[in-house]
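Since the structure comes first, as structure tokens, the remarks are kept for the end.
There are 2 protein chains.
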Amino acid sequence: MPFHHLYEQHQATLNAAIEANRTRVFHAHWPEPPSGKIYGETAQEDGLNAFKASLNGPFALPNQHGSNGTIGGEHSPYGFPLNIDYPGYTADTLITNAQQALTQWKNLSLQERAGILIECLERASKHFFAIGFSTMHTTGQGFIMAFQASGPHAFDRALEAIASGYMALNTFAESAQWTKPMGKMQVDLTKEYHIRPKGINLTIGCSTFPIWNSFPGMFASLITGNVTIAKSHPSAILPIALCIQSFQDTLASLGINPHVIQIAVDSKEAPITVSLAERPEITTIDYTGSSSFGNHLESLTAGTNKELFTEKAGVNCALIGEVAQLDAVLDNIAFSLSLYSGQMCTTTQNIYIPKNGVSTPDGIISFDDLCMKLKEKVDTLVYNEKMGPGTLGALHSPAVKERVEKARNSGLTIIRDSEPVAQHGFDQALSCSPLILKADSVDQSIINEEWFGPISFLIPVDDITMGIQAMKQSIIKHGALTALVHLQQEHLIEEAIEQLIDAGVNISCNLVGPIWVNQSAGFSDFHGTGANPAGNASFADLSFVSMRYNIIGMRRP
Amino acid sequence: MPFHHLYEQHQATLNAAIEANRTRVFHAHWPEPPSGKIYGETAQEDGLNAFKASLNGPFALPNQHGSNGTIGGEHSPYGFPLNIDYPGYTADTLITNAQQALTQWKNLSLQERAGILIECLERASKHFFAIGFSTMHTTGQGFIMAFQASGPHAFDRALEAIASGYMALNTFAESAQWTKPMGKMQVDLTKEYHIRPKGINLTIGCSTFPIWNSFPGMFASLITGNVTIAKSHPSAILPIALCIQSFQDTLASLGINPHVIQIAVDSKEAPITVSLAERPEITTIDYTGSSSFGNHLESLTAGTNKELFTEKAGVNCALIGEVAQLDAVLDNIAFSLSLYSGQMCTTTQNIYIPKNGVSTPDGIISFDDLCMKLKEKVDTLVYNEKMGPGTLGALHSPAVKERVEKARNSGLTIIRDSEPVAQHGFDQALSCSPLILKADSVDQSIINEEWFGPISFLIPVDDITMGIQAMKQSIIKHGALTALVHLQQEHLIEEAIEQLIDAGVNISCNLVGPIWVNQSAGFSDFHGTGANPAGNASFADLSFVSMRYNIIGMRRP
């Protein structure tokens, strides 16, 4: 086992990840602060320089062979073109490369694959700052978030997927001596249980979290013996390209076929996702993105040999029913709505509030007063020059801006209007502050849609129980990745939890302080439940890993 | 936890099952010999009497409510009608019953469910002999096989599914205290991870192994918090009805809603399977049966919220390449072909043999001589009055007899002709001995079909490597549950194993003595791989259990 030393080298990392994954306690292998004390005093500057050096030229993938041209076209939401040309590959080339790499990769031991993958992650983590700036300038995230989401948080999600896969593959013995007693005689068989990966994984990335949402599927596939092709979103190529460039360097330096992990780049004008997904050699597909394209993939893969893991759109919801600390609750929600301008798949959209008001330690606050207070909280954050612009970031695409305009013109009462937000140093940034609308129950058709972006609706309900039911029905019909409730009476909390479990959504309750419903922590929070229309996958439960391989038995005397 | 005492009572049984499931060593909780010393001196007679008493009258399901009429029509393959009338239920009644039972069942702890399910199995195991005779007289199996397949082996498969489900659900903690250090402060959250079963399982039974093939899906569903409806095959109702009658008695006696496990009976004239399967409340479906109906179910469930677990048809194959003990090998294969008249989903159909003969310690035996010798071995077994009829059993349906006729008239050379076999005491039994045909490679269209029943083909191939490739291609295209190779040179064994793993089939190598390719041992042999067209399920790997539930996170300060 030539790569066993890498397993030994990373055994403590793996074991700690497995232990955290099992116990679900806090764990972070890579620290989240983008701090010079942790990552080196010049790390940020070096990363920025590396990012700048990658602009306006070709992007080299010396270890991914067979390119037949170049593709590019990214544009920073902060207002400038990246002008990077990536090598392009035909589906045939990508699949031939992948098939050749698969032969070696699947025959490595589980421990070897784990060691190699962690080595890949460790070496790539040296580029966290460059990856962070590239994420900022493709997705529009503020830098701190970009650093965390595409760096430590994404890499921890990868490590989590490795841990889950490792646990699954270690569930059953690799071999056994089977002795069946039969009266005076017996039958002896030697049995082997071979892991047979499904083959080639295609991970279809999204425009907002090009690494965080892609790594779980990629690494779940890799640890279980598959090879992977990461199809990047045409507007967010650079972050994952930097990672894959590094992974391929690592693999090649170890003498492993670097095509174990490939990138597939395309453009909006000439998309290749469908033609790749349709190839019979692609046997697992991970997808993050719109429900419409997700549904199309479902129809493409139905009745085939392909397993499809999805995170599609949903309508996340919250209920403000009873609060113990009104300011803290609204501060928390205001931050949630503002973070990355509401462009997280986990951001709350629909906020249900009893029409007769919300009980607080100081008495009932009316629906309208609550709306005003939330507006003020958002204002306070947005107009805080130190905090606001960095929290909001930029809009990843003009379509979000158009959606905000559409919502403004929907006829609903505007509680808080959206306005441009200056991003220091980036005059051309596409940025706007949260739009908050009041939606009565007659506006069901509006609030039942996902309004991806800084758009939320405050919705009066008859009472707390009706609010819980409204959330439940919405989640069952339209899906959701998150549900937040603010309640104080334990019997109401229990009612909410019971109904929301039934609805199949992850639940946050009474969050205040520096923890937000949008956040999903690796090793502790399963991201997505797979139990509602927002998607069938959950990072990184047993289904997420065990559906990527089969076990083949061999028995002989 | 009111049922915790049952967990404690059966903890040793559960732990031993889990340990065997993990290590894959031999394990049998229920002994397989139908012996008076084990099961009581009068057990066989009592079982026969119980079976006879159930004939010619109504079958009582006192704990399954809402019947709207009776349904029956089973006919023993040994030549008499059973004349049993079972209560019938509408889909609405079955689903309403199931929904009500689900509420209590899903809220029990994992340990409680395990204890209750093992208690159900233990009490039902007291009826092994009645279940055995009822299996014999619905499927046509000989009694010993009927006893084992529907009794100890099936019950061990149920226990295995419980063990796999228990292991899966124990993979991650049920709750956690999550503390995130943030410099001088920290965030504390209490987290809970709730198991949310998918809901109502429908297990669609087959006519040949009405219990063995149904229990894994049923018990995998039950241990993971789902309730189940067992839709029995119209020609093999009694065996599973006896089990479910007992399970419901047990559940009711414990104060649990007995509709946790229901039976659905229909007739060939008025089938209800599709209308049940289409109901949105049915969220998981286990299916054993023909590929055509399985494909129909796949199209029905594509794009829905349903998980479908299948065991469809395949074309099992063998290669006789090199043998160390010619007689032992052919004895073994002759028994495999004869057991239950080839009506096992695991029986070999296509036997590839090098056209220039097979090497033995005594030199090469020619293709034709090998064929003759195999014929003689089958003759010896068939004409052994003590062994033959009981091994062959009866044909479960006239369609099998018609298939034998069709094969006889296919134009292929008959190596061994099929003839009626007398079943002592059952003059009207539908029974015939194995038909063995020689198929040249020009007969691909014939051998690429599944010929379910006592029909096999001896197929000359250029050499061993061509035989391995022929098996591989057949399995990839047409599926298989088993592949058997007889080879001696280690490099050829390795080549065969590598190619057959690629093909995704379970492999048996050089079996001789009292162990046959048809057999699949609970806790040790995963049945089905899920990796070829013969089905997507494997008893009872992690996917088989983990796809039946989701995990819902709840977090609060």
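Taken in sequence, the protein lines are chains A and B. Counting the first sequence from 1 gives a position; the working numbering is that position plus 1107. Counting the second sequence from 1 gives a position; the working numbering is that position plus 1107. Beta carbons are placed, not taken as given, at the ideal position from N, Cα and C, and that holds for glycine.
Residue environment analysis places Y1490(B) among the exposed positions, since fewer than 16 neighbouring C-beta atoms fall within 10 angstroms of its C-beta.
Between L1542(B) and P1468(B), the alpha-carbon positions lie close to 29 Å from each other. Within the stretch 1232 to 1260 of chain B, no residue has its Cβ closer than 7 Å to any Cβ of chain A.
Looking at the backbone, the Cα of I1363(A) and that of P1194(A) are separated by about 21 Å. Of the residues S1353(A), T1130(A), L1361(A), I1566(A), the one whose Cα lies closest to the Cα of Q1211(A) is L1361(A). K1233(B) is the residue among Y1300(B), S1445(B), K1233(B) whose C-alpha sits nearest the C-alpha of A1157(B). Taking C-beta atoms as the reference points, A1577(A) and Y1459(A) count as a pair closer than 8 Å. Between S1339(A) and the set L1358(A), P1317(A), G1574(A), the nearest pair of CA atoms involves P1317(A). Think of a sphere of 8 Å around the beta carbon of M1274(B): the chain A residues whose beta carbon falls inside it are T1278, in chain order. CA-to-CA, the gap between L1224(A) and Q1255(A) works out to about 20 Å. Going by beta carbons, R1303(A) and F1630(A) fall outside the 8 Å limit. Per DSSP, reduced to three states, the secondary structure at R1131(A) is coil, with no helix or strand assignment. Of all residues in the stretch 1635 to 1655 of chain A, only T1636, G1637, A1638, S1645, D1648, L1649, S1650, S1653, M1654 place a beta-carbon less than 7 Å from a beta-carbon of chain B. If you look at F1416(A), you'll find it in the beta strand (DSSP E) that goes 1414 to 1418. An exposed status is given to V1381(A), since fewer than 16 other beta-carbon atoms sit within 10 Å of its beta-carbon. Here the stretch 1479 to 1498 of chain A makes no contact with the stretch 1590 to 1598 of chain A; the two share fewer than three CB pairs at distances below 8 Å.
In the structure shown, the three-state DSSP call for S1563(B) is strand.
Annotation: Cβ neighbours of F1133(A) in chain B (cutoff 8 Å, chain order): W1285, T1286, K1287, P1288.
Annotated three-state conformation of L1502(B) is coil, per DSSP. H1366(A) sits close to V1334(A), with the two beta carbons spaced by under 8 Å. Proximity of G1620(B) to chain A, defined by a Cβ-Cβ separation below 8 Å, is satisfied. For K1298(A), the residues of chain B that pass the 7 Å Cβ criterion are R1131, S1631, in the order they occur in the chain. Per DSSP, A1371(A) is one residue of the beta strand (DSSP E) stretching across 1368 to 1371. By the rule that beta-carbons nearer than 8 Å mark a contact, V1422(B) does not touch chain A. Chain A places no beta carbon closer than 8 Å to that of P1141(B), leaving this residue out of the contacts. Between the stretch 1608 to 1623 of chain B and the stretch 1599 to 1618 of chain A, the count of Cβ pairs shorter than 8 Å is below three; the stretches do not touch. Within the stretch 1431 to 1492 of chain B, the complete alpha helix (DSSP H) segments of 4 residues or longer fall at 1433 to 1445, 1474 to 1489, listed in chain order. If you draw a straight line from the Cα of N1457(A) to the Cα of T1200(A), it is about 45 Å long. Using beta-carbon distances, P1169(B) does not count as an interface residue toward chain A, since no partner is under 8 Å. For M1274(A), the enclosing alpha helix (DSSP H) begins and ends at 1259 to 1276. Out of E1557(A), K1375(A), L1358(A), the CA that lies nearest to the CA of Q1369(A) is found in L1358(A). Distance from S1397(A) to W1319(A) at the Cβ level is roughly 17 Å; contact not present, criterion being Cβ atoms closer than 8 Å. For M1661(A), the C-beta contacts it makes with chain B under 7 Å involve I1604, I1614, C1616, in order along the chain. Straight-line spacing of the CA atoms in S1504(B) and L1228(A) works out to 59 Å. Contact check between the stretch 1381 to 1395 of chain B and the stretch 1410 to 1430 of chain B: three or more CB pairs, one atom from each, fall below 8 Å, which counts as touching.
Sequence-ordered contacts of the stretch 1395 to 1406 of chain A with chain B read N1402, E1405, S1406 [C-beta pairs closer than 9 Å].
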